[in-house]
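Asks: Residue 570 is where the sequence shown starts when you use the working numbering, and the numbers rise one by one after that.
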Amino acid sequence: MPATTASDPTPEVPTTPAAPRGTDNDRERTFSRSRKDNRDGLLMVSPTVIVVIAVVVIPVLWNVLIAFQDLSFLQIREASPFRPLTLDNFREVLGARGFWSSMLTTVVYSVASTVGSIALGLLAALALRDAFPGRGLVRSAMLLPYVAPVVAVAFVWQVMLNTQYGVANVWGQRFLGWDQAKDFLGVEPLALLTVIAFEIWRYFPFAFMFLLARLQAIPRDITEAAIVDGATPWQRFRHILLPQLASVIALLAVLRLIMTFNKFDDVYLLTGGTAGTEVAAVRVYDYLTGRFDAGAAAAQAVVLSLVMVVFLLLYLKWLNRTEREDA
Numbered sequence: 570m571p572a573t574t575a576s577d578p579t580p581e582v583p584t585t586p587a588a589p590r591g592t593d594n595d596r597e598r599t600f601s602r603s604r605k606d607n608r609d610g611l612l613m614v615s616p617t618v619i620v621v622i623a624v625v626v627i628p629v630l631w632n633v634l635i636a637f638q639d640l641s642f643l644q645i646r647e648a649s650p651f652r653p654l655t656l657d658n659f660r661e662v663l664g665a666r667g668f669w670s671s672m673l674t675t676v677v678y679s680v681a682s683t684v685g686s687i688a689l690g691l692l693a694a695l696a697l698r699d700a701f702p703g704r705g706l707v708r709s710a711m712l713l714p715y716v717a718p719v720v721a722v723a724f725v726w727q728v729m730l731n732t733q734y735g736v737a738n739v740w741g742q743r744f745l746g747w748d749q750a751k752d753f754l755g756v757e758p759l760a761l762l763t764v765i766a767f768e769i770w771r772y773f774p775f776a777f778m779f780l781l782a783r784l785q786a787i788p789r790d791i792t793e794a795a796i797v798d799g800a801t802p803w804q805r806f807r808h809i810l811l812p813q814l815a816s817v818i819a820l821l822a823v824l825r826l827i828m829t830f831n832k833f834d835d836v837y838l839l840t841g842g843t844a845g846t847e848v849a850a851v852r853v854y855d856y857l858t859g860r861f862d863a864g865a866a867a868a869q870a871v872v873l874s875l876v877m878v879v880f881l882l883l884y885l886k887w888l889n890r891t892e893r894e895d896a
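1. Looking at the secondary structure, which residues open and close the alpha helix (DSSP H) in which D752 lies?
2. Considering only the beta carbon of each residue, do T829 and S682 sit closer than 8 Å?
3. Run the CB neighbour count on A717, radius 10 Å, all protein chains shown included, and call it buried at 16 or more, exposed below.
4. Can you tell me whether I787 is helix, strand or coil according to DSSP?
5. Taking the alpha helix (DSSP H) that I635 belongs to, which residues open and close that run?
6. Taking only the alpha-carbon atoms, compute the straight-line gap between R893 and K886 and give it to the nearest angstrom.
7. Check whether the segment 759-769 and the segment 692-699 are in contact - that is, three or more C-beta pairs closer than 8 Å.
8. Beta carbon of V872, beta carbon of V662: below 8 Å?
9. From the DSSP output, in three-state form, read off N607 for me.
10. By DSSP, does P812 sit in helix, in strand, or in coil?
11. Just to confirm my understanding: we take L784, look at its own chain, exclude 5 residues before and 5 after, and list those with CB closer than 6 Å. What are they?
12. Check for me: the alpha helix (DSSP H) holding E661 runs from which residue to which?
13. Assuming F773 and L821 are in contact, meaning their beta carbons sit under 8 Å apart, how far apart are those beta carbons, in whole angstroms?
14. Verify whether the separation of the beta carbon atoms of I791 and I809 is less than 8 Å.
15. To the nearest angstrom, how far is it from the Cα of A850 to the Cα of L881?
16. To the nearest angstrom, how far is the alpha carbon of W726 from that of W740?
17. Going by the beta-carbon positions, is the gap between L546 and F637 smaller than 8 Å?
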């Protein structure tokens, strides 16, 4: 009887399951969700965009337009892109007597006020970094010059520096041996120095808040280790704290330069721009309300804006270089 051989069953080859593929409905659903998120995001930022366009972009463009047209104060409403454009306003402004001296005064005033306010704010932040009884109250009191109304504090300074009954002259003649009262707000260069001192006093709390916040974020372990290693206070500041504060100081310098370059109210309330304190913003105001020359005033504002753009570009260049070095 012939033997029957059972054939071995062919082994099954395991197959790898195919990777799941998204259907057209899934892709359409994902695209629709992404489009909805983008639309919601645009709706959320649209109020801010509208406000910025209304209060920043349109006034800036309108000012540039007026700068290239021959318009008086009473003709501002007649400004139009279809009116003839001219460079006469810029020629008049750049060639006017006193323009370059006012720009120099503005630069001196801005740089000195910026450096002084940041330096004083840094000293205050270092002094109030460590805990002590009443630290919160002292920190709050530091902010008073910054939050107080400028009209009120300017009036206080005017009274304090008055030549007849001001406390500064009374104490100077009584304790410092002054022969006569000093006219702090009416004589060059004392008036400019006084305005700079006022600006430093008024805005050092602005730098104080930024620098104190950054100091509080620096770990205490680093400075404590430096103390154990025998580092002096100056060495701890120079090699530990200052590098950590460099970016904040640079940002403060740009912000304060821009803010001070635009300053009008502080100078005008104290001296009215007299006695060598005519900064560019006061000169623009004088052209607009004193000479009723809207075109020339707008041209000076454009020149002032270009100078501030230069400051901003220098800061951005420094920031990019710093980021590349840290990368």
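Glycine included, each C-beta is placed from N, C-alpha and C at the ideal position.
Replies: According to the structure data:
1. Reading the sequence shown from its first residue, position 183 is the one you call residue 752. First-last for D752: undefined, no H or E at that position.
2. Within the sequence shown, the letter at position 260 stands for residue 829. Within the sequence shown, the letter at position 113 stands for residue 682. The answer is yes: Cβ separation under 8 Å.
3. Reading the sequence shown from its first residue, position 148 is the one you call residue 717. With fewer than 16 Cβ atoms within 10 Å of its Cβ, A717 is classed as exposed.
4. Sequence index remark: in the sequence shown, residue 787 carries index 218 (1-based). DSSP places I787 in coil when its eight states are reduced to three.
5. Along the sequence shown, read from residue 1 onward, the residue named residue 635 stands at position 66. Unbroken alpha helix (DSSP H) run through I635: 627-636.
6. What you label residue 893 is simply residue 324 of the sequence shown in a count that begins at 1. What you label residue 886 is simply residue 317 of the sequence shown in a count that begins at 1. Distance between the alpha carbons of R893 and K886: 11 Å.
7. no
8. On the sequence shown, position 303 is the one that residue 872 refers to. On the sequence shown, position 93 is the one that residue 662 refers to. Yes; because the gap between Cβ atoms is below 8 Å, this pair is in contact.
9. Against the sequence shown, residue 607 aligns to sequence position 38. In the structure shown, N607 sits in a helix (DSSP, three-state: H, G or I).
10. Counting from one through the sequence shown, the residue named residue 812 turns up at place 243. Three-state result, P812: helix.
11. Taking the sequence shown and counting its residues from 1, one reaches residue 784 at position 215. Within the same chain, Cβ atoms closer than 6 Å to the Cβ of L784 are found at A694, R698, the five residues on either side in sequence being excluded.
12. Locating residue 661 in the sequence shown gives position 92, where the first residue counts as 1. First-last of the alpha helix (DSSP H) with E661: 657-664.
13. Locating residue 773 in the sequence shown gives position 204, counting from the first residue. Locating residue 821 in the sequence shown gives position 252, counting from the first residue. So it is not a contact: roughly 11 Å between Cβ atoms.
14. One-based indexing of the sequence shown puts residue 791 at position 222. One-based indexing of the sequence shown puts residue 809 at position 240. Between I791 and I809, the C-beta spacing is below 8 Å.
15. For the purposes of this step, residue 850 is taken as the residue at position 281 of the sequence shown. For the purposes of this step, residue 881 is taken as the residue at position 312 of the sequence shown. So the two alpha carbons sit approximately 19 Å from each other.
16. The residue labelled residue 726 in the question sits at position 157 within the sequence shown. The residue labelled residue 740 in the question sits at position 171 within the sequence shown. C-alpha separation (whole angstroms): 15 Å.
17. Outside the shown range of the chain (570 to 896) lies residue 546, about which nothing can therefore be said.
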